[in-house]
Structures are given as structure tokens and as C-alpha cells.
Amino acid sequence: MKKIIFVQTISILLILILLILSLINIFKVPYSKFVSVLLVIAGVMMGIVALLIDKRYK
11 MKKIIFVQTI SILLILILLI LSLINIFKVP YSKFVSVLLV IAGVMMGIVA
61 LLIDKRYK
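In this text, residue positions in the sequence shown follow the working numbering: the first is 11, and each later residue adds one.
What follows is the structure, given as C-alpha cells:
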């Protein structure tokens, strides 16, 4: 159970980071390419985490 809670908190933190980065992107900060790369990396990380959860708890 502790691992599931830990993974959920990580995913919530990633979602918050994504929201902050998208807000920065809306305000046309010059780091837009960097932000888009970070968004892609975060999405890939979330996908990997989801796959790990599926493999462990099935």
C-alpha cells in the first residue's frame, strides 16, 4: 500500500509541474522549446510509471 501512495504522490507532483510549465508557456517565456521538451519528458515518465504500476499490481 505504501508504494501505491508513493507513486500517486509522484504522479500528482508531475501533474502540478506540467500545469506550472504550461502556464509559463502561455505567458510566452523565451524558454518555450525547453518547456515543451520538459513536457514530453514528463509525459514519458508518467507513462513509464503507469506501466510499472500495471506490471506490479496485476
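The C-beta atom is built at its ideal place from N, Cα and C for all residues, glycine as well.
Inspect the beta-carbon positions of residue i and residue j and report whether they are closer than 9 Å.
| i | j | result |
| --- | --- | --- |
| Leu31 | Ala52 | yes |
| Leu29 | Met55 | no |
| Ile63 | Val17 | yes |
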